[in-house]
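Take a look at the structure below.
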Amino acid sequence: MQQDILVNWSPQETRVAIVENGAVQELHVERTLERGLVGNIYLGKVARVLPGMQSAFIDMGLERAAFLHVADVWQRQPEGEPPAVARNGQPQVPIEKQVFEGQALMVQVIKDPIGTKGARLSTQVSIAGRLLVFLPQDDHVGVSQKIPQDQRDALRRRLNKLVGSAGGGFILRTNGEEATDEELAEDIAYLRKTWTRIRESATRLPPPSLLHQDLNLLQRVLRDLVTEETQTIRIDSKEQFGLLQAFGQEFMPAAAGRLQLYKGERPIFDLYSVDEEIARALGRRVDLKSGGYLIVDQTEALTTVDVNTGGFVGARNFDDTIFKTNLEAAQAIARQLRLRNLGGIIIVDFIDMQREDHRDAVLAEFRKQLARDRVKTMSGGFSQLGLVEMTRKRTRESLAHMLCEPCPICQGKGTVRTPRTVAYDILREILREARQFDPREYRVIAAPKVIELFLDEESQHLAGLSDFIGKPISLQSESAMGQEQYDIVLL
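Using our numbering, the letters of the sequence shown correspond one by one to residues 493 to 983.
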């Protein structure tokens, strides 16, 4: 399988497309203004110590001073105990005995600034890699709690051998569960090299200074997305190409060798119609080549995928038609999960198949396609209702959540009430208000379609209500209003 990575860079946004055998499989988007500070490491300067609050304000060169609570001040634990900053919820040493005004202090952002509040800090540094998290101030080697207990001990023993006696603590992340020793060793080397560079910067730079910024999307391409199948990484910005090349040569020389500067006249995403793929990935319906189609619905709790035959009648009999549609759908669904970055519980409703060998073949094809996903997936067999249940690990926001927001008209429901339904709501509301108030006139302000209905088909009902309450009712069309919106003004 041939894989290419296309990078479209602009000052406001970075977009990355992973293309396999000519088809877009994954999309990653990062917007400059939406990048947070969490994970960044600074050499700060203690501005104030507040013993009463057991906290300190740290100047990091940002708009507002950041906040450090005593519970987030790292303290070395006795040998054999896991790392911790406090025991039984009580601070071990008061903050005024640990930091002082004017002191230079290495801190890491653990919570972004919100509104008038500054960032929240910790003095315990952790650096995330692709497979591991490095804790340079500790010697503890651990494994993610999300990995089953029976596998943790074996993984911890493997990790202890690879870490050796060079110092520093490591925690294996869930996506490192099936990593090879070579991959883990590469991550350990990268993390230690990063920490060495941070310490050197801390001795050279004056406070306040930024020592380490969590990797941007361009850098994560080299760290996380490049595989053995990756042929090229093409980027359309000369400046970013140079920066990425320097980063890659220092930390990931093998991946850096595949970098290419794209100089074509056409926009880089036009090579594989990526923008069209993005537009399709934001829609509910996905058309299959055979004439069948998928309907993808994303809800708060889960995602459902419904397979339909559509106009496909090309096979010899109906069973074959269904089988071929389901086979094609199995490939398309696995691709859509990656493209849209759908996570959590996913329910797939394949078209019902009578033959067991057909069901087995579709399930085998589906699992084969899911195995190509870099994100961990688990799928079951067909349930009694003919559904396939599966899960896909949530790694980041879905494409729809990143690029879209709920419709202001329907509030995300996907439907709006008909003009007639709204008109009847208005009639009921006028009757309700007539029992409480005694205005000279009622004025209805509503969307054009609702007003048109009152002037035409519903004019008799409006006139009847006016006679019943003994007050005139006037109408005003407001094109800026949504179909469900209306106002009743008492004059």
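Positions of the beta carbon are idealized from the N, C-alpha and C atoms, including for glycine.
Item to check | Coil, strand or helix - Tyr534 by DSSP | outcome: strand
Item to check | Distance CB(Leu982)-CB(Phe946) smaller than 9 Å | outcome: no
Checklist entry - Which value, in whole angstroms, describes the spacing of the CA atoms of His850 and Thr869? => result 23 Å
Checklist entry - How many angstroms separate the CA atom of Asp811 from the CA atom of Gly802? => result 15 Å
Checklist entry - Among residues of its own chain, excluding the 5 on either side of Glu675, which ones have a beta-carbon nearer than 6 Å to its beta-carbon? => result none
Checklist entry - DSSP state of Glu522, grouped into three classes? => result Note: Glu522 maps to strand in three-state DSSP.
Checklist entry - So which of Thr672, Pro605, Gly775 and Leu702 has the shortest CA-CA distance to Leu891? => result Gly775
Item to check | Option in Arg507, Glu588, Gly531 and Glu505 with minimal Cα separation from Met545 | outcome: Glu588
Item to check | Distance between beta carbons of Arg712 and Ile760, contact taken as under 8 Å | outcome: No, Ile760 and Arg712 are not in contact; Cβ-Cβ is about 18 Å, not under 8 Å.
Checklist entry - Is Leu957 helix, strand or coil when you go by DSSP? => result helix
Checklist entry - Looking at the structure shown, is Asp852 part of a helix, part of a strand, or coil, going by DSSP? => result helix
Next on the checklist: Counting beta carbon pairs with one atom in the segment 532 to 547 and one in the segment 594 to 602, are three or more of them shorter than 8 Å?
Outcome noted: Yes: at least three Cβ pairs fall under 8 Å.
Checklist entry - Which same chain residues, not among the five before or five after Lys941, have their C-beta less than 7 Å away from its C-beta? => result Pro911 and Gln975
Checklist entry - Is any beta-carbon of chain D found at less than 9 Å from that of Val914? => result In the structure shown, chain D cannot be found, because there is only a single protein chain.
Checklist entry - Sorted by chain position, which residues of the same chain lie with C-beta nearer than 8 Å to Asp706's C-beta, five sequence neighbours on each side aside? => result Val530, Gly531, Asn532 and Ala620
Checklist entry - Exposed or buried, what is Asn833 when buried is set at 16 or more other beta-carbons lying within 10 Å of its beta-carbon? => result buried
Next on the checklist: Looking at the secondary structure, which residues open and close the alpha helix (DSSP H) in which Lys653 lies?
Outcome noted: Gln641 to Val655
Item to check | Opening and closing residue of the beta strand (DSSP E) in which Ser765 lies | outcome: Taken as a continuous stretch (DSSP letters only), Ser765 belongs to no beta strand (DSSP E), as it is neither H nor E.
Next on the checklist: Give me the residue from Lys603, Val508 and Tyr754 with the minimum Cα distance to Gly528.
Outcome noted: Lys603
Checklist entry - Apart from the five residues just before and just after Asn708, which ones in its own chain have a Cβ nearer than 8 Å to its Cβ? => result Thr506, Glu522 and Arg527
Checklist entry - Does the beta-carbon of Asp959 have 16 or more other beta-carbons within 10 angstroms, so that it is buried, or is it exposed? => result exposed
Next on the checklist: One question on the structure: do Ile961 and Arg935 come within less than 9 Å of each other, judged by their Cβ atoms?
Outcome noted: no
Next on the checklist: Quick check on this structure: which residue in Asp645, Ile663, Asp642 and Gln616 has the alpha carbon closest to the alpha carbon of Phe626?
Outcome noted: With distances taken between Cα atoms, Phe626 lies closest to Ile663.
Checklist entry - What do you reckon, are the CB atoms on Val778 and Gln828 nearer than 9 Å? => result yes
Item to check | Sheet register partners of Tyr978 (DSSP bridge) | outcome: Ala938
Item to check | Under 9 Å between C-beta atoms of Arg866 and Ile838 | outcome: No. Outside cutoff.
Checklist entry - Is Arg579 helix, strand or coil by DSSP? => result Here Arg579 scores only 44 on pLDDT, less than 50, and its place in the model is too uncertain to base an answer on.
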